[in-house]
Every structure is written in C-alpha cells, then in structure tokens.
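Q: Chains as they are written, first to last, in the working numbering: chain L, -6 to 464; chain B, 3 to 381; chain U, 315 to 503. Backbone N, C-alpha and C fix where the C-beta goes; we use that ideal spot for every residue, glycine too.
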Amino acid sequence: MTPPSDPLPPTFDPRARAARRRARRALAWTLAIGLGLPGALFLGVLVLSPLSDAKVLHGLVGWVTLGRAHPESWSGGGQLLLRVVLLALLALVLVTFGAVISGMTVWWEMRVSSRMQSRVGYNRVGAAGFLQWVADAVKLLLKEDLVPADADALLFRAAPYFVLVGFALTFVALPFGESLVAAPLDVGLFYVLAVTALVVVGILLAGWSSNSKWSLFGGMRAGAQVISYEIPAGLAAMVPVLMAGTLSLQGIIRGQGPWPWQWFFFENPFALVAFVVFFTAQLAEGNRTPFDLPEAESELVAGYLSEYSSFRFAIYFLVEFGNLWVMSAVAVTLFFGGWQVPFVGPETFQAARGAGDLPGLGWWALEALSMAVFVLKTFVLMNLVIWVRWTLPRIRVDQMMSVCWKYLVPFAFACLVGTLFWEILLVEVPAAGPATGYLLTAGFLVTAFFFLRLTYRNLAAVGDRIDLSNW
Amino acid sequence: MERLVLRRMQGDGEEMILNFGPQHPSTHGVINFMVETDGEVIRRAVPDVGYLHRSIEKIGETVGYPGFMPFTDRVDYVAAMFANEGYALAVERLLKLEAPPRAQWLRAVSCELCRIASHLIAVGTMTMDLGAFTPMLHGVREREVVNDLIEALCGARLTYNYHRIGGVAFDLPEGWRDRTLRFLDHFDRFLTEFDRLISFNEVYVKRLAKVAVIPAPLAKDYGLSGPNLRGAGVDWDLRRDLPYGAYPHFRFQVPVGKGFVGTRGDAFDRYYVRCLEMAESSKIVRQALESLPEGEYLAKVPRRIKPEPGEAFARVESARGELAYYVVSDGTEKAWRVRARTGSFTAMGIVDAVSPGLMVADLVALIASLDVVAPEIDR
Amino acid sequence: MTTQELHERLRARFGEDVGALSEPKVDPFCLVKRERIAEVCRFAKQEPGLELDFLEDLTAVDWPKRNAIEVVYHLFSFPLRHGIVLKVELDRTAPRLPSVEGVWKAANWFEREVYDLFGVEFTGHPDLRRILLPDDWVGHPLRKDYQEAGGYHGIANVRENPLVELRRLDERARGPAAPPPAAPATPKA
Chain L
-6 MTPPSDPLPP
4 TFDPRARAAR
14 RRARRALAWT
24 LAIGLGLPGA
34 LFLGVLVLSP
44 LSDAKVLHGL
54 VGWVTLGRAH
64 PESWSGGGQL
74 LLRVVLLALL
84 ALVLVTFGAV
94 ISGMTVWWEM
104 RVSSRMQSRV
114 GYNRVGAAGF
124 LQWVADAVKL
134 LLKEDLVPAD
144 ADALLFRAAP
154 YFVLVGFALT
164 FVALPFGESL
174 VAAPLDVGLF
184 YVLAVTALVV
194 VGILLAGWSS
204 NSKWSLFGGM
214 RAGAQVISYE
224 IPAGLAAMVP
234 VLMAGTLSLQ
244 GIIRGQGPWP
254 WQWFFFENPF
264 ALVAFVVFFT
274 AQLAEGNRTP
284 FDLPEAESEL
294 VAGYLSEYSS
304 FRFAIYFLVE
314 FGNLWVMSAV
324 AVTLFFGGWQ
334 VPFVGPETFQ
344 AARGAGDLPG
354 LGWWALEALS
364 MAVFVLKTFV
374 LMNLVIWVRW
384 TLPRIRVDQM
394 MSVCWKYLVP
404 FAFACLVGTL
414 FWEILLVEVP
424 AAGPATGYLL
434 TAGFLVTAFF
444 FLRLTYRNLA
454 AVGDRIDLSN
464 W
Chain B
3 MERLVLRRMQ
13 GDGEEMILNF
23 GPQHPSTHGV
33 INFMVETDGE
43 VIRRAVPDVG
53 YLHRSIEKIG
63 ETVGYPGFMP
73 FTDRVDYVAA
83 MFANEGYALA
93 VERLLKLEAP
103 PRAQWLRAVS
113 CELCRIASHL
123 IAVGTMTMDL
133 GAFTPMLHGV
143 REREVVNDLI
153 EALCGARLTY
163 NYHRIGGVAF
173 DLPEGWRDRT
183 LRFLDHFDRF
193 LTEFDRLISF
203 NEVYVKRLAK
213 VAVIPAPLAK
223 DYGLSGPNLR
233 GAGVDWDLRR
243 DLPYGAYPHF
253 RFQVPVGKGF
263 VGTRGDAFDR
273 YYVRCLEMAE
283 SSKIVRQALE
293 SLPEGEYLAK
303 VPRRIKPEPG
313 EAFARVESAR
323 GELAYYVVSD
333 GTEKAWRVRA
343 RTGSFTAMGI
353 VDAVSPGLMV
363 ADLVALIASL
373 DVVAPEIDR
Chain U
315 MTTQELHERL
325 RARFGEDVGA
335 LSEPKVDPFC
345 LVKRERIAEV
355 CRFAKQEPGL
365 ELDFLEDLTA
375 VDWPKRNAIE
385 VVYHLFSFPL
395 RHGIVLKVEL
405 DRTAPRLPSV
415 EGVWKAANWF
425 EREVYDLFGV
435 EFTGHPDLRR
445 ILLPDDWVGH
455 PLRKDYQEAG
465 GYHGIANVRE
475 NPLVELRRLD
485 ERARGPAAPP
495 PAAPATPKA
C-alpha cells in the first residue's frame, strides 16, 4: 500500500475544522455557564444581601423607580411585604447559589483528583469537562425514582430534605463580604453550628428508613461520627470567639485584619492548633475521607445512601459537595480573616459608602472585592480538603471515635484554656499579639518553602516533571 | 445455603447477619460472605464461594492436552502466566521432556513480569479497599506498561496463552529487551514513590498493623502459600527451595514478614511482602534478560500429544501462592483428570478461622491482604 | 529423605495397611487402606523425621472401569523438603472414608470440594456441605457418568448455535422475501 500523501494543512482539513469548531463551541458554552451562572448568582448575592438593611432597600427602590416611590412612607404592611419579597428573592438566590457551587465543586474536585491519579479527568462535556456536573444533575433527575417496598415511605421521602435544609440554612449567616450577609445574626456562629446538626437527622433517617442492613450500618456510623465530632468542632470554634469577643461571624471577621499576620490563625499559637482540630472535625462532619466511613464505598457500597436514586440521591450528593464549600467558608471566617481585603480598612468602606441612603458605586465595587477575597480564600481551603481526601486512606470506626474523644477533645479544651490565658496576656502585653502574628507568618512561609522544595525533589527523584501543558 | 448456615450460627438474637457480596466493590471477584456481626464486631464470617465456578477441571477432560492451555489462563486471570507454566510443566513431566533453555528463560521473564502486574493489582486494590483511591491508579498506570510489553510478546493483555507444552509460543520481538529494561529502570523508582505515598502512611499503618494476624503454624496448617505464608514468617519460596525452570540461575532475595510495623503475620506484613517482591521480580527480569541463552524456544513435541498412562504433579510459585497441577493421563489424547490446586482456595478457607473478633472494616483488610481472586477459588 | 525412605517408614509403622510404592509413572504413590488413612496422616504429620506438615492437595480421580474413586493426598514437608503421594481407593457406589480435617485444617475445604464434585463422604468432617455448587444441586459433576440435568431452576444450560439464531433474527428483520422472479420464457421451439 502506498504511504499516505502529506496530510492536509489544518486550516483546510474539513475534519480538523469541524473538530475545532466543536471545541470552540464547547469553550463558549463552558465560559458562558462557568462564568455566567456563578457570576449572576454572585451578583445576586452582592446586590440583594445589603438590602436586608431597610434604609438601603428603600434607597434602592427609590433609585429604581426614579424617585417616584418612597417606601419609607408606605404603611407597615407595605414595607413588610416589600421586605418579604426581597427575602424570598434572596433565599432563592442563596439556595441556587449553594446548588451551583456544589456542582462546580464537584467539577473542580474531579479534575484535581484525576490529576492526582494520573488521569485526565472530565474532558468531554464542555471545555475541560466543565459542564459534566450539569449533565450529571440532569441525568440524576431523569432517573427512576425508587422507594424500596419495605422502606418506611414517609421517612424515606423526608430524609433528604432534612439534609438539604441543614445545608441551605448555613448560607443565611455566611458573610460573603463586608455587608453581604443575608442575616447578620449576633449569634451567627452558634446558629451555623446548630443548623449543620440537622444533617445528622437526615442521615439517621435515611439509614433507618431504607430498611436495609447496609444502610443501617452506614446511618449508625454516620450518626455516631457526626455527633461526636460536633464537640471538638464547637470547642475549637470557641477560640476565635474568645479572641474576637463575639459570636457574630461578622464580628469575628472584623476582629481580624486583612494581612496574614493579623489573622487569628497566626495571631495566637493556640488558634493554630484549634484550626487543625476544627479542620479535622469538619472533615468528619462532612463525611470526607479519612472519615468517610458512613459511605465507605468499598465496604458498604454507599452506606446510608444505598437505596436512594434519582433526585433524592442528587440532594445528598449536592449537600456533600456543598458542605465542602461551607466547611471551608466557616473555617475561613473563623481563622483566616474572611473577606478582609488588604489595604482596605473599615474607614475606606465607610468613605465609599457616601452619605445617602443608597451607597455609592465605589462601595459596591469594594463589596465585590471583599467577596472575591472571601471566595479565593475558601477556594484555597477547599483544595486542601480535596487534597487530603485523595491522599489518605480511611480510618476504622473505633479509631475514628478514639481520635475524637481521646485526642481532639482534650486538644480543643487545651486550646480553649490556653486562649483564655492568651487573652489575659494580651491585656498585659498588647504587643504579644502582632509579634506572634509576624513570627508565625514567617514560620509558615519558611515551612512552605521547605515543603515545596521537598516536593520538587521527590518529583525529580522519580524522573517526573511538573507538566501543566494539558491542564 | 442461608438456612444451613444460619442454623449453625447460634446467637441470642442480638446479632445481625449480613451478606457481604456477591456484588461488592471490595470482594475480589464474585465472592459472598455471610457475616454474623454484633454491631461492628464480627462473630463469624463464613465465605460462600462458587459463583465463578466454570468447571474448568471437567473441561480439561474433554479438550486435548494442548487445547487446555487457554483454559489455564482463566484459572487465574490476574496472573495467567503462572497457570500456563504450571500446566506446561505437568504435561512435560508426563511426556518426560524438558523445555529448551531459551524457553525456560523466556518463561521466567514472562512470569516475573506477570508477577509484577499481579502484585500491582493486589496492593492497588488493597489500598483502594481501605479508602485511598490514588495508589491504585498509579499502580494501574504502571501495569499498563507491563500489559503493553506482554502484548508485544504474545498478543494478549490479560489471558496470555503464551506458554506451550515444550516451550513458549513466540520469541522476543525486536527491541523488546530494551523497552523492558527501560521500564524496569522507571519502575524501580516508582516503587520508592509508592512506598513513600502509602506504605508507611500513619493511617494506613493503623488500619493494617496487628490486624488479622495469621501466625505461622496456623498458616501452614491451613495450607496457605506464597506471600500469605511468607507474610506469616515462614521462609519458603518454591523458586529458591524447589527450583524449577531457569530460577536456579538467578540471585534474588525472598522477603519474609517479620512484623515490619506491627506483629509478624498481620495484614501489613502480607502487604509489604508483596511490595518487596515486586522489587525482587524486577531484579530477576533484568538478570534473565542479560543472560538469555540462544537457541530454539519450543521443543520438538509430537503433533498429537499422547503421554504414557500415569500421573504428574508440578508446582509453580504463582503471585498468589502455590499453583500446582495434577494431571492424570490414561494413554489417550485427552487427559483423564486435570486438577489445579490454587493458592486462593486455601486462603479463603482460613477466613472463617481468623475472622472472629475483627471489625467489618478489618474483614475488608483481611480479604484484601490475602489477595484472593474468585477465579482461582472457584475454577 | 527420598520417597522410598518415607514409604519405608510408613510401611514399618503400619504394615500392610500401607500398600507398596507404585512405579514412578511419573510420580510414585502408595495405596493406603481406607480405615487407616486418618491415622497414617496423623503419623506422617507428627512423626519427627517425616514432619509432613503441608497438605499440598487433596483431590479425587474417578475410574468407572475399575468401579473405584481414588482420593489422592499430596503431602509435603517444609522443614525436611520431602513429599509423598498417598491414595485411597474407594468403592464407587458408596465412597466413604475418614476425614483428615483433624490433621491439617486445609483439608476442610479440600474435602468439601471432593464431596461436592465427586460425592465422596468424609466421616468426621465438621461441616460437610457443597462448596462450589449451589446447595440444591443434584449430581456430582466430576464423575465420569455425570449427566447434566438440562437446567437449574428453570435456567436452561443449552442454547441454540448463536450463528443460527442471529441469522434467523436477520431474516425476520429483513421482512418476507421478494417473490422469485418469473420463470424465463421458454425459448421458442
């Protein structure tokens, strides 16, 4: 057979042209959905959350109607109705935000994990496989909805909603930006810890009502795990509360500063340990490896989820990955300064706000900036969670309990007591705070440098290179 | 089945009886366990096998001697070369002929490569069963290269049908030796990385050390063999102690469990012995390729194989233990009886004895550390 | 110790119950009387100098012409590196012999397999039931006169030749064949 002639140059080969057209279209869809959807939701959060403040709300309504409506002069009922409409809109935006963030987290986690495993990962649906989560969501919705014949029908159907509610309610108190909180609660942290406990109810119900031994196993394990790890999580969360003096999430963030050495994580050595305790406990609460016994795939197939299909399964799936975001977000607010933007202090916000009811454009820009900082920090922490998941094996249930009660709880108590003394020390020696901040930040940077150098050396020893060419 | 077993499981009604399998992500193949648990602690775990029984031994009585070779692949499809070699050795003993030296060296090369591939699956699935999904995929990535090498050698990636009665089927392709040596250079470094990633990881050690201890007397009594027996502390390897084929010409160590991080004979020992064996196999392949003799690769075997009436027993050191073939001939072209004695069969037998007191998660670790595959158990 | 010496030791202890060592075709074996097999095995395992602590294989061979089923024991010793093959010949119509499960625990599953596939009953076995086949299977497949029952619980074990089946499906999909063309006009005489 004669050898083939020179292949057509890429611009003229119709198959290559069609392939490039398809790739361009996929990229366009990906960017549209990948940037547009979260962008719209973030915009929604950006615009709608400050409106819980009545003055800003009235100012906006007045601005939108070009000065013709004056809500402050409406009757009580009318103002209440306006507020209710706004809150409903905000709730919708936040829940959608939660769902979309879960989906994108799935995509990101799968891409990162596939790279860790020498695979390519999602790469078919959309550029870099970005639309895979949309495809998965649609597929799950279209599946047959099974309820096992012997299952407790009412509880089986109700269980996913407990989980969903427990997850969605946390978004109410999460501070996305300087004034971007749906409800600036004075007991924000307490509220968040309380509401995430609803998830346990859902898991136990799911395990029980499925009428399957494997589900029961998973449900019992999950119940034991989540309830046990609430203790060290709560205790470790008390450390930033002590340092800030308030349970309000916004207050805790305001108690920190924008620079790393002003974060609680670096400001107080006990807060550093408390973060480790809190992080571990949150991994366990979110059923992430090394604590994913309740859904240990190789032991219990899917544990408490075994009997679920279609939309109910989608809810659990969504909540698990959304919890990734929520646990990172809470950790960021407590220990890493939340939305604090470097070089931008509270006076800048105040100045940009202006005197009128409706804040000026510069204020909105600064709010967006603070939201971006928050999202970035949460993203980094999320990557840490993903990294841990795909590296470590899973621990056994008795080891999990002993880690909680014999190690984490005493450590958390020790951190709490230590912070008490630290606070006293700060009263006596105010310079101790910033000094420790500088010291620990420097130590962290040095450690990071050595870690990266070791990683590079390990790679070279195997003969590999860092290769980002086909990311 | 359930009724019979349940009758034997006495209890006060507090226990739960679970079916672990037969479709389950972590039983290695289609195996069922009836597990009687009290909460998370197992009272008894009774294996229920036979889901993959394909009556291979009966088939051996109907196809002729050479025709049975592809069926031996299916006796253990994860490490099929050993099954091939065992049967070839048994029939060669019956025919009183010996494979030429080059064939013996090629057999050793292919078997040791197959051992590497099989152990990669074994340790990979073990880490996956324990929850770390990443090392499995790294192992499979390396195994792909081995599969490619063997595919270049004999045309198949999983069920090879490479050995023949009297030698091997094909000679080395061109450039194969260099490709293999290059792979081995890379593979030795990969083993270091693998070790660093998972072997002495704190969580991994906690899951495996002191878990499911099988002491040496129990292992010998239950007929364990191969890495299971060596992990229990018994220094026995057919390649060194009852050498066959080309193995007397190679120098290699035999790793024996000695309580690397826990007790001697625990799950970690069995796991780590396999890791070390991969390094030794790599050494053997290098030595074999360097000292490969010239000559023919298939002896002169009659077209119709009709051995004298008699019987022969041949054993090889398979990746899973001792794979032995007992072939009885009645003088015709078809064997009278072909029996494959596999390492996983006896390993399954010990689960009932070792399981009381384990937790459900430890049962998974036990099965994974015994490296059982369903085709070997059921044949 | 060679196989001959092993055999001598067994012969010395058990006399006529242990038969003569056969010709090595290719592996030599010796027949043991049915009732004494458990004691012979225990002696082989525990006697210093024999120490056959590894039951390598326990299987059976069916010889319908001789009306016998042979149960074959391959024994091996780790410390002394020697081995021997013992055989017990059983009556094919009622094969029964003592179990050696008390000597080597490995025999537990081996004997269950022999029971399952050959129908040999091992007295004294703690848990003699089928292992590879379902509990309600009828027959012992590795016997030479085993007839397949034509199915199991309604699942057939025969099927049509796939090529025939596929051709039939193809023809059905293609629809009824076109009528054959009209016969050509006969040439004018």
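DSSP on residue 460 of chain L, reduced to helix/strand/coil?
A: Of the three classes helix, strand and coil, the one that applies to residue 460 of chain L here is coil, per DSSP.
Q: Tell me the rounded alpha-carbon separation between residue 115 of chain B and residue 145 of chain B.
A: Roughly 10 angstroms between the two C-alpha positions.
Q: Identify every run of the alpha helix (DSSP H) within the segment 131 to 174 of chain L, keeping only runs that are complete inside it and at least 4 residues long; order them along the chain.
A: If we require 4 residues or more, the alpha helix (DSSP H) runs fully inside the segment 131 to 174 of chain L come out as 146 to 161 and 163 to 166.
Q: Which two residues bound the contiguous alpha helix (DSSP H) that contains residue 190 of chain B?
A: Start and end: 178 to 196.
Q: Once you ignore the five residues that flank residue 53 of chain B on each side, which residues in its own chain have a CB closer than 6 angstroms to its CB?
A: These residues qualify, in order along the chain: 24 and 32.
Q: Which residues mark the beginning and the end of the alpha helix (DSSP H) in which residue 97 of chain L is found?
A: Residue 97 of chain L -> alpha helix (DSSP H) spans 69 to 109.
Q: Using the rule of at least 16 other Cβ atoms within 10 Å of the residue's Cβ for burial, across every protein chain shown, is residue 282 of chain L buried or exposed?
A: Flag for residue 282 of chain L reads buried.
Q: Along the beta strand (DSSP E) that carries residue 397 of chain L, what are the first and last residues, could you check?
A: Note, residue 397 of chain L: premise wrong, no beta strand (DSSP E); not H, not E.
Q: Hey, how far is the Cα of residue 183 of chain L from the Cα of residue 240 of chain L?
A: Straight-line Cα distance between these residues: approximately 7 angstroms.
Q: Along chain B, in chain order, which residues have C-beta atoms closer than 8 angstroms to that of residue 456 of chain L?
A: 188 and 191, listed in chain order.
Q: Output, in chain order, the set of chain L residues within a Cβ distance shorter than 7 angstroms of residue 136 of chain B.
A: Result: 109, 110, 383 and 384.
Q: Could you list the residues in the segment 385 to 398 of chain L with a C-beta less than 8 angstroms from some C-beta on chain B, going in chain order?
A: Listed by position, the residues of the segment 385 to 398 of chain L near chain B (Cβ gap below 8 angstroms) are 385, 386, 387, 388, 389, 390, 391 and 392.
Q: If contacts are defined as beta-carbon pairs under 8 angstroms, then residue 291 of chain B and residue 111 of chain B qualify, I think. What distance do you get, rounded to the angstrom?
A: Confirmed, Cβ separation roughly 6 angstroms.
Q: If I'm right that residue 324 of chain B touches residue 345 of chain B with Cβ under 8 angstroms, what's the distance once you round it to whole angstroms?
A: Indeed, because the Cβ distance is near 6 angstroms, the residues count as touching under 8 angstroms.
Q: Measuring only the C-alpha atoms, how far is residue 415 of chain L from residue 263 of chain L?
A: Approximately 8 angstroms, taken between the alpha carbons.
Q: CB residue 105 of chain B to CB residue 170 of chain B, shorter than 8 angstroms?
A: Yes, the Cβ-Cβ distance between residue 105 of chain B and residue 170 of chain B is below 8 angstroms.
Q: Report the three-state DSSP secondary structure of residue 401 of chain U (helix, strand or coil).
A: It is a strand residue.
Q: Give the interface partners of residue 203 of chain B over in chain L, defined as CB-CB distance under 9 angstroms, in chain order.
A: Result: 384, 385 and 386.
Q: Chain U beta carbons: is any one of them nearer than 8 angstroms to that of residue 21 of chain B?
A: Not an interface residue.
Q: Of all Cβ atoms in chain B, is any one closer than 8 angstroms to the Cβ of residue 283 of chain L?
A: Yes, its Cβ sits closer than 8 angstroms to a Cβ of chain B.
Q: For a contact meaning CB atoms closer than 8 angstroms, what does residue 365 of chain B contact in chain U?
A: Correct list: empty, because the minimum Cβ distance to chain U is about 18 angstroms.
Q: Going by other Cβ atoms of all chains shown within 10 Å of its Cβ, with 16 needed for buried, is residue 333 of chain B buried or exposed?
A: Flag for residue 333 of chain B reads exposed.
Q: Taking the alpha carbon of residue 85 of chain L as the point to measure from, which residue in L:113, L:110, L:33 and L:247 has its own alpha carbon closest?
A: Out of L:113, L:110, L:33 and L:247, L:33 has the C-alpha closest to the C-alpha of residue 85 of chain L.
Q: For residue 316 of chain B, tell me which candidate among B:339, B:246 and B:125 has the shortest Cα-Cα distance.
A: Closest option to residue 316 of chain B, Cα to Cα, is B:246.
Q: List the residues of chain B whose Cβ lies closer than 9 angstroms to the Cβ of residue 439 of chain U, in chain order.
A: Chain B residues near residue 439 of chain U: none, gap ~13 angstroms exceeds 9 angstroms.
Q: Using a cut-off of 7 angstroms between C-beta atoms, extract the partners of residue 456 of chain U located in chain B.
A: Within 7 angstroms Cβ-Cβ: 59 and 60.
Q: What does residue 95 of chain B touch in chain U if you count any residue whose Cβ is under 7 angstroms from its own?
A: By Cβ distance, chain U contributes 340.
Q: Terminal residues of the continuous beta strand (DSSP E) containing residue 437 of chain U?
A: Segment 435 to 437, the beta strand (DSSP E) holding residue 437 of chain U.
Q: Can you give me, in chain order, the residues of the segment 363 to 376 of chain U that have a beta carbon less than 7 angstroms from any beta carbon in chain B?
A: Under the 7 angstroms Cβ criterion, the segment 363 to 376 of chain U contributes 367, 368, 369, 370, 371, 373 and 375.
Q: Tell me where the alpha helix (DSSP H) around residue 440 of chain L begins and ends.
A: That run of the alpha helix (DSSP H) goes 425 to 455.
Q: Determine, using beta carbons only, whether residue 246 of chain B comes closer than 8 angstroms to chain U.
A: Not one chain U Cβ lies under 8 angstroms of residue 246 of chain B.
Q: Rounded to whole angstroms, what is the Cα-Cα separation between residue 388 of chain L and residue 295 of chain B?
A: So the alpha carbons of these two residues sit roughly 51 angstroms apart.
Q: So, with DSSP's three-state summary, where would you put residue 376 of chain U?
A: Residue 376 of chain U: strand per DSSP, three-state reduction.
Q: Listed in chain order, which residues of the segment 33 to 56 of chain B have Cβ atoms closer than 7 angstroms to some Cβ of chain L?
A: So the close ones are 42.
Q: Please determine, among L:216, L:123 and L:30, the residue with the shortest C-alpha to C-alpha distance to residue 194 of chain L.
A: Among L:216, L:123 and L:30, the Cα nearest to that of residue 194 of chain L is on L:216.
Q: Among L:427, L:165, L:422 and L:108, which has the Cα closest to the Cα of residue 259 of chain L?
A: Checking every option, the nearest Cα to that of residue 259 of chain L belongs to L:427.
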